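Protein chains in written order, with my numbering: chain A, 58 to 483; chain B, 58 to 483; chain C, 58 to 483; chain D, 58 to 483.
Number of protein chains: 4
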Amino acid sequence: MTDRKPTAIYERRESQARSYCRAFPVSFTRARNAALTDSAGRDYTDFLAGCSSLNYGHNDADMKTALIEHLDRDGVTHGLDMHTDAKAAFLETFERLILQPRGMEHKVMFTGPTGTNAVEAAMKLARKTTGRETIIAFTNGFHGMTMGALAATGNAGKRAGAGMALSGVVRMPYEGALEGVDSLAMIRAMLDNPSSGIDAPAAFLIEPVQGEGGLNAASKEFLQGVQALARDHGALVIMDDIQAGIGRTGPFFSFEEMGVMPDLIPLAKSLSGMGLPMAALLIRPDLDIWKPAEHNGTFRGNNHAFVTARVALKKFWSDDRFQRATAEKSAYLTERLGAMAAHVPGATLKGRGMMQGIDLGSGEMAAAVCATCFEHGLIIETSGAEDEVVKVLAPLTIPQAQFAAGLDILDTAIRAHVAPQSIAAE
Amino acid sequence: MTDRKPTAIYERRESQARSYCRAFPVSFTRARNAALTDSAGRDYTDFLAGCSSLNYGHNDADMKTALIEHLDRDGVTHGLDMHTDAKAAFLETFERLILQPRGMEHKVMFTGPTGTNAVEAAMKLARKTTGRETIIAFTNGFHGMTMGALAATGNAGKRAGAGMALSGVVRMPYEGALEGVDSLAMIRAMLDNPSSGIDAPAAFLIEPVQGEGGLNAASKEFLQGVQALARDHGALVIMDDIQAGIGRTGPFFSFEEMGVMPDLIPLAKSLSGMGLPMAALLIRPDLDIWKPAEHNGTFRGNNHAFVTARVALKKFWSDDRFQRATAEKSAYLTERLGAMAAHVPGATLKGRGMMQGIDLGSGEMAAAVCATCFEHGLIIETSGAEDEVVKVLAPLTIPQAQFAAGLDILDTAIRAHVAPQSIAAE
Amino acid sequence: MTDRKPTAIYERRESQARSYCRAFPVSFTRARNAALTDSAGRDYTDFLAGCSSLNYGHNDADMKTALIEHLDRDGVTHGLDMHTDAKAAFLETFERLILQPRGMEHKVMFTGPTGTNAVEAAMKLARKTTGRETIIAFTNGFHGMTMGALAATGNAGKRAGAGMALSGVVRMPYEGALEGVDSLAMIRAMLDNPSSGIDAPAAFLIEPVQGEGGLNAASKEFLQGVQALARDHGALVIMDDIQAGIGRTGPFFSFEEMGVMPDLIPLAKSLSGMGLPMAALLIRPDLDIWKPAEHNGTFRGNNHAFVTARVALKKFWSDDRFQRATAEKSAYLTERLGAMAAHVPGATLKGRGMMQGIDLGSGEMAAAVCATCFEHGLIIETSGAEDEVVKVLAPLTIPQAQFAAGLDILDTAIRAHVAPQSIAAE
Amino acid sequence: MTDRKPTAIYERRESQARSYCRAFPVSFTRARNAALTDSAGRDYTDFLAGCSSLNYGHNDADMKTALIEHLDRDGVTHGLDMHTDAKAAFLETFERLILQPRGMEHKVMFTGPTGTNAVEAAMKLARKTTGRETIIAFTNGFHGMTMGALAATGNAGKRAGAGMALSGVVRMPYEGALEGVDSLAMIRAMLDNPSSGIDAPAAFLIEPVQGEGGLNAASKEFLQGVQALARDHGALVIMDDIQAGIGRTGPFFSFEEMGVMPDLIPLAKSLSGMGLPMAALLIRPDLDIWKPAEHNGTFRGNNHAFVTARVALKKFWSDDRFQRATAEKSAYLTERLGAMAAHVPGATLKGRGMMQGIDLGSGEMAAAVCATCFEHGLIIETSGAEDEVVKVLAPLTIPQAQFAAGLDILDTAIRAHVAPQSIAAE
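As structure tokens, then:
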């Protein structure tokens with residue numbers, strides 16, 4: 058780099074749309090599992106994990122080895138949607154280790170390699186198969202930035218980016234979104250009333266745990282209620298498991314122990330295992346009425362991702378050890394965050410599994426806590442409508458000692474930002 | 058693979074949306090430059106090149122080496138939009154070799170790594186900055202499959218996938234789309250008439266060469282006319298250079314020698330150099346009014362792509378040798394295709410640079426020609442509203458002998474499918 | 058008539074869209090105040106009153122006289138929006154008797170002479186003045202059949218008539234629409250949450266009493282709450298007083314004693330006094346930013362209606378006698394309907410003023426009751442999402458004896474349709 | 058009136074949306090046939106005729122008599138859509154004198170009594186019956202101000218009133234709208250190209266003569282071409298005959314001698330005969346799939362209009378004398394306007410039948426001409442995208458001498474505003 062200031066090139070040439078780099082204004086050069094190293098050689102613990110794209114950590118050794126081997130032998134890199142050995146091997150492994158054991162007959166659609174693309178494919182297919190337009194999405198939902206998915210995203214700032222009205226989506230309150238209101242009963246009443254003005258829905262689009270929306274975790278009863286409501290009204294259930302899936306809450310799918318089976322499941326983020334762009338839509342087979350190329354995309358055959366995704370499945374999902382380890386780490390996380398929340402008047406614990414956090418009640422305080430953490434070598438971010446939730450999204454593979462140390466940094470930062478009188482009152 | 062039939066897994070588990078694999082029902086295992094090898098060890102010449110995502114061929118040795126080195130040293134793979142050495146190096150190289158020499162002040166926005174995402178970002182930004190909604194797109198335009206970009210895509214089959222009406226786009230004829238009609242004059246007349254019912258546009262969205270739409274290449278006059286029209290009506294010009302850019306027509310941008318300078322330029326496909334998912338939107342700096350994260354995406358920091366893209370820029374764009382070589386190949390291609398077209402009554406030459414083809418006047422004949430080519434080891438596809446254009450999209454790096462041999466296969470296939478009396482009449 | 062069957066011409070030539078005539082299959086020839094006479098000379102009492110278009114009864118003698126005098130002297134009939142003596146006289150009278158006494162600075166906009174047109178003008182103006190698109194409308198709301206107003210109408214059957222998606226409206230529960238849910242608190246929570254996905258509204262569009270929606274009458278607190286919410290969020294309040302206004306609930310405007318002052322007030326139905334087509338939008342003066350003819354319409358200068366409307370204002374609104382008489386009739390109606398409802402298990406009283414009814418809990422029973430009434434010479438209709446409410450909309454001018462006799466018929470009909478055991482249980 | 062200035066009440070209380078009254082700032086008190094009288098007793102000749110709502114002139118004596126008789130005997134004034142003797146008599150007369158002689162099986166739907174409402178009903182029905190959304194409308198088309206019809210209206214000023222994007226309509230050039238372009242061939246080419254991006258249309262919505270759009274009269278060939286195109290593409294033809302119908306061009310329907318038969322025909326303006334609000338949609342019987350009340354409206358049973366409309370049909374359409382008289386007046390008008398146009402360099406004759414005018418090439422000059430006419434007692438207005446066409450819309454019943462005198466005023470006014478050198482050059 059010829060710039061004195063490592064960020065000069067970004068100021069000169071990168072769009073203002075950039076964001077995370079503003080909170081972490083260093084340049085990273087190396088990464089392994091839960092550790093990042095910057096250009097000055099300083100190490101950081103990563104509690105952001107690519108927003109849950111790095112559930113298995115950075116640069117897993119086995120995935121790296123497989124990818125280098127693939128490169129060495131000139132394996133196909135870019136294959137459009139053509140058959141390749143890497144694609145077949147991924148599909149067979151996904152069928153054997155994920156779909157079959159869970160009794161899922163779903164078809165796999167490789168969409169453009171972004172979560173938003175998988176969500177758009179789901180919304181399109183729901184509309185096509187039902188002949189209806191309305192998708193019911195939920196408060197604080199986050200589904201992507203392209204126009205179809207953005208219509209289903211709740212965040213006002215993101216929506217403003219559209220520059221035009223977003224259509225085709227009706228908004229309903231997520232579980233617990235309205236104090237004292239049974240969201241499910243309310244939605245049912247609206248749908249049962251033929252004069253409510255809510256058109257018959259094509260689908261419900263829901264995240265079992267809302268990652269960006271503030272770590273709101275729906276209960277079994279709520280998810281089952283949504284599914285029942287959908288069945289009663291001839292609508293599909295799309296469960297967007299992009300952030301909460303691929304083991305983040307313990308099981309492979311975040312809805313696995315909830316007694317539901319979605320019709321359409323968008324996946325992305327940690328699907329490739331190594332953070333490479335990859336997305337898929339799982340489709341109940343009778344709904345797979347796509348015509349060839351009706352939804353296509355240049356990069357839907359990212360063979361590097363097929364390679365690393367296959368390794369990830371074999372390494373982590375051949376038995377239940379990984380899932381059990383995640384459960385243990387989750388319990389530890391609950392305990393530690395619970396203790397921290399106890400320091401802060403009004404703070405509450407949010408989330409489920411390895412996507413938990415503390416609602417500090419204020420976006421300013423949450424930002425201050427994260428900034429302090431960064432000063433002490435911990436990368437951590439906020440979520441929620443007001444960015445009021447400090448969110449722990451560590452790699453599931455993080456060593457226990459590093460996990461504990463990271464949580465220590467967070468604990469200290471929170472204590473530092475709680476008003477002295479509150480501490481005193483403890 | 059445990060299946061006897063190599064495609065059984067796809068029939069069992071892949072969505073019906075898959076397409077190219079239907080025309081090329083083998084499994085590819087290796088790829089180098091313009092050659093693909095299937096699981097039976099058979100070699101193919103690739104005249105499809107990932108739909109122009111592989112302008113530098115498959116698995117370029119230098120890119121591979123750089124990527125393996127990056128992997129070996131645990132370089133960051135997935136970095137959200139955080140600063141990394143690989144990102145900075147790419148940006149600096151892009152600035153130095155591409156933007157500065159062309160006098161472009163544009164900012165670079167890394168969108169989700171798909172072309173459709175870059176197009177959506179452009180459409181959103183055009184609407185935001187102008188406060189207008191209407192985007193003028195063109196007949197036979199192809200811009201992507203997500204709802205915003207799909208609204209601008211002309212193909213009826215793709216549009217049907219939406220399952221709902223697509224809004225915000227007004228359609229105008231591309232140059233030459235209507236026999237005997239001066240498209241530009243017509244558009245101007247419609248915009249100048251305050252009672253035409255065409256609302257003042259936010260932008261014109263145009264491909265300098267329409268890849269999917271049938272290799273329609275706009276003239277200098279047309280592109281300049283569109284730009285002038287946009288300026289006169291307070292609208293922006295978005296040139297979608299996803300398929301035609303990155304050297305495909307000779308210069309880095311397909312509009313370079315056209316005397317125009319677009320306000321917004323979506324790039325993808327060959328941007329990463331090696332076919333890895335990567336997309337960007339170039340933004341005239343005063344239009345870069347995005348708020349942080351107003352358009353975001355998990356995979357917009359695909360560092361592997363930054364690495365290979367940097368190598369590609371240095372290797373191919375440090376001087377004008379590559380561009381000149383492409384010009385030579387293009388001239389050869391024009392000559393060969395011209396000779397072939399002469400065999401076929403009514404056939405016409407389409408396209409520009411290394412994206413040329415022959416309009417055979419019939420989708421059936423074009424499909425038959427491609428099928429025959431595949432039998433003889435040549436991978437080639439069609440484009441156009443009726444799939445009537447056989448499209449040559451060879452890697453720009455294809456060795457001359459292999460290029461000639463591939464064209465020989467095409468020539469033979471065309472002759473085989475032309476009615477005997479036509480040949481006789483020759 | 059040459060047809061034997063008086064309705065043959067309708068079967069032959071009128072569209073299936075016709076509706077009321079199906080329930081009352083006779084041909085009416087004369088009408089005076091609350092009485093209708095059919096071609097066989099049979100008299101009927103009118104408890105439908107043109108759906109509240111005939112608040113002063115049929116063919117009021119003074120209005121008739123004035124209209125005949127106007128015709129006799131060749132007064133202008135159709136005047137576009139040009140100045141006429143009839144128009145000036147109406148405006149001056151409306152200003153003097155209605156606007157000034159109520160401290161209203163509103164401007165009067167004569168829209169096309171239908172309620173839906175006045176609603177559309179209000180929605181357009183709300184969007185223009187705020188620069189926002191979303192109108193918040195309510196469950197069971199009814200605002201008209203043209204595309205803008207229809208988007209705000211709740212009824213699924215009416216909405217289905219659109220043949221396409223209706224946009225620009227977000228639906229919220231009316232007061233009491235959801236059992237146990239404080240609608241106002243819920244709406245506030247949705248609007249206060251920046252990630253709710255509800256865009257900042259241009260306006261709230263609400264009927265103080267929902268006529269078609271089942272005679273749901275909002276409380277003072279609810280209407281004030283909606284107004285406060287609107288003020289807090291920079292939105293306007295449109296109170297659609299088309300059915301409930303012009304004295305139907307007692308005062309001229311149905312919101313008069315509610316402690317609110319709407320920004321925009323669509324009026325129609327009884328505005329002309331005699332049932333002639335006439336509509337107007339009252340506009341808070343600073344919002345009157347229309348450009349000349351920006352919303353126009355051929356029949357917005359129906360001078361016959363100006364004549365009769367002026368007479369109606371002078372006759373009924375020069376002092377408070379009419380309003381007091383309506384209050385007395387309303388009290389009588391409440392008493393009589395209360396007694397009837399007591400016969401029917403689960404039945405509830407609905408509405409306010411002279412727009413009250415009984416919710417019989419079943420559309421079938423309500424239809425049967427109305428049919429029996431018709432057999433006994435009473436014209437009465439249902440409303441509500443399931444047509445479950447028998448609705449009394451008598452002319453406000455109905456003589457007390459006739460009113461009582463009509464209610465007797467209704468009482469008897471209800472008793473006839475209540476299951477014997479229910480009567481026994483009384 | 059207590060105001061000194063007769064227009065004070067309007068300035069105080071009428072919305073800025075008012076328009077015609079600005080050009081004619083007097084107060085009209087009486088009207089008979091083609092004459093209007095203001096409050097100062099001054100007479101004017103009416104070449105505006107309620108924008109073609111007064112084809113039979115103001116206050117026709119026979120219609121007046123019938124209406125007064127109806128009022129005297131307490132005939133039903135407002136009847137919702139119930140059967141009345143007045144409605145039956147109108148329908149029977151319309152069937153006998155209009156539909157049967159022209160071999161039309163169409164059903165009559167009484168919509169809300171505005172042209173825009175009839176157009177909306179047509180658009181809704183076209184979408185419902187075809188299951189498609191897109192309506193193809195034409196440059197310079199004018200169809201109304203409610204959101205559905207406004208989407209089909211071309212005028213930018215009117216469209217701006219919507220305050221939001223208007224959807225569901227694709228715009229095509231009217232005959233002759235684009236110099237040197239065959240509109241029909243262009244539309245066909247766009248629809249025949251499956252990648253044009255124009256979705257399959259539900260209907261074509263066209264005015265046989267564009268009244269507001271500048272008196273553009275489509276040829277027989279164009280209208281037949283549109284009908285053929287519609288048939289070929291499974292679309293309906295909606296001919297909006299609101300301004301050009303009811304005798305304005307000679308025959309009852311303006312398309313009568315064109316060799317076409319529309320599927321849906323919105324009528325309004327002169328339908329009631331006397332300028333009373335009335336509208337109807339004629340529906341090809343197999344398309345009449347409305348459910349009862351699926352499109353309804355309070356004032357669709359304006360019985361006063363049924364009475365006058367019946368008289369009008371009997372008086373003017375029992376034989377062909379009226380039509381022949383109109384043809385003679387039209388020929389005279391053509392001759393006179395042709396002579397006037399010859400004075401003005403570049404001026405052209407526009408329109409057909411008794412809706413003809415002169416395109417003066419400039420809105421300023423046209424406005425000046427109309428203002429001068431008004432000073433000399435002639436009420437006349439402009440039309441066209443730039444208000445550049447002075448439009449003669451005299452009552453068809455205007456006495457020949459008055460017609461000639463009115464045209465003399467126009468002739469003089471035009472000469473007065475043509476630059477002296479132009480006159481000299483004559």
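Glycine residues also receive a C-beta, built at the ideal position from the N, C-alpha and C atoms. None of the values given here were measured: they were computed from a predicted structure.
Note that the segment 174–184 of chain A does not touch the segment 82–96 of chain B; fewer than 3 beta-carbon pairs, one per stretch, sit closer than 8 Å. Secondary structure at Val-364 (chain A): helix, using DSSP grouped into helix, strand and coil. A residue is called buried when at least 16 other Cβ atoms come within 10 angstroms of its Cβ; Gln-284 (chain C) meets this threshold and is buried. By a beta-carbon distance limit of 8 Å, Val-446 (chain B) does not contact Cys-427 (chain B). Their separation comes to about 11 Å.
For the set B:Arg-409, B:Ala-209, B:Ala-118 and B:Gly-441, the Cα lying nearest the Cα of Ala-424 (chain B) is the one of B:Gly-441. Within the model, the alpha-carbon separation for Ala-470 (chain B) versus Asn-353 (chain A) is close to 28 Å. Annotated three-state conformation of Gly-316 (chain C) is coil, per DSSP. Chain order gives the chain B residues near Pro-170 (chain A) as Pro-170, Thr-171, Pro-334 and Phe-356, where near means a beta carbon separation below 8 Å.
In the structure shown, His-474 (chain A) adopts helical secondary structure according to DSSP, grouped into three states.
In this structure, Thr-134 (chain B) places its C-beta atom within 9 Å of the C-beta atom of Asn-116 (chain A). Under the criterion of beta carbons closer than 8 Å, Ala-337 (chain C) and Phe-104 (chain C) do not qualify as touching, at roughly 27 Å.
When 8 Å is used as the limit between beta carbons, Arg-341 (chain A) is near no residue of chain B, the shortest such separation being about 11 Å. Residue-level contact check: Phe-195 (chain D) touches chain B, since one or more beta carbons of chain B fall below 9 Å from its beta carbon.
Taking a cut-off of 8 Å on C-beta distances, the segment 369–382 of chain C does not touch the segment 394–408 of chain C, as fewer than three cross pairs fall below it. Burial check for Lys-144 (chain C): the Cβ neighbour count within 10 Å reaches 16 or more, so the residue is buried. The three-state reading of DSSP puts His-352 (chain B) in coil, since its state is none of H, G, I, E or B. At the C-beta level, Val-227 (chain D) and Ile-263 (chain D) stay beyond 9 Å of one another. Within the same chain, and ignoring the five residues on either side of Met-296 (chain A) in sequence, the residues whose Cβ sits closer than 7 Å to its Cβ are Ile-263, Pro-265, Phe-312, Pro-319 and Ile-322.
In the structure shown, Met-229 (chain B) falls within a strand segment according to DSSP collapsed to helix, strand and coil.
In this structure, the straight-line span from the alpha carbon of Ser-84 (chain A) to that of Asn-360 (chain A) is close to 28 Å. Leaving aside the five residues that flank Lys-215 (chain D) on each side, none in its chain has a CB nearer than 6 Å to its CB. Contacts with chain A at 9 Å (Cβ-Cβ) include Ala-209 (chain C). Sequence-distant partners of Ile-466 (chain A) (beyond 5 residues in either direction) whose C-beta falls short of 8 Å from its own C-beta, in its chain, are Thr-102, Cys-430, His-433, Gly-434 and Leu-435. Judged by beta-carbon spacing, Pro-402 (chain D) lies beyond the 9 Å limit of Asn-212 (chain B), meaning their Cβ atoms are not closer than that value. Contact between the segment 414–421 of chain A and the segment 65–83 of chain A is absent: fewer than three C-beta pairs spanning the two stretches fall below 8 Å.
Taking all protein chains in view, the Cβ of Asp-239 (chain A) is crowded by 16 or more other Cβ atoms within 10 Å, so the residue is classified as buried.
Residue pairing by DSSP puts Val-165 (chain A) in a beta bridge opposite A:Leu-339 and B:Glu-71.
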